[in-house]
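Asker:
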Amino acid sequence: MSLPSLLVVPGAWHKPIHFRGLVDELPDVDVHTVTLTSSGDDPATLRDMYTDAEVIAQAAAAIDGPVVVVA
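Throughout the sequence shown, residue numbering follows our numbering, covering 1 to 71 in sequence.
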């Protein structure tokens, strides 16, 4: 039986790089992360939670097979 893929969704003020340690500890798991549009360094480019939801849905749909979203 194969493990499902994980899609790690960072919280506010976090980026995918903050989860590098977690990803490194799961070498046998297909781990993906997303960059939220509502969190970033440039306030002029920030989007809202609805755009974040679209990014998460698109990332999950792009993964082949079962996916567990970890938020």
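Heads up, the beta-carbon is just placed ideally off N, CA and C, and yes, glycines get one too.
Among His14, His32, Pro10 and Asp24, which has the Cα closest to the Cα of Val67?
Answerer: Val67 has its Cα closest to that of His32, out of His14, His32, Pro10 and Asp24.
Asker: Would you identify the three-state DSSP class for Val68, choosing helix, strand or coil?
Answerer: Reduced to three states, the DSSP call for Val68 is strand.
Asker: Contact defined as beta carbons within less than 8 angstroms: I believe Val70 pairs with Val8. What is the distance between those atoms, to the nearest angstrom?
Answerer: The Cβ separation is near 5 angstroms, so the contact holds.
Asker: Tell me which residues share the same chain as Met49 and place their Cβ nearer than 8 angstroms to its Cβ, disregarding the 5 neighbours each side in the sequence.
Answerer: Hits under 8 angstroms: Ser38.
Asker: Can you tell which of Leu46, Asp24 and Gly40 has the C-alpha that lies nearest to the C-alpha of Leu6?
Answerer: Taking only the C-alpha atoms, the option nearest Leu6 is Asp24.
Asker: Quick check on Leu36: buried or exposed, where buried means 16 or more other Cβ atoms within 10 Å of its Cβ?
Answerer: Burial call: buried.
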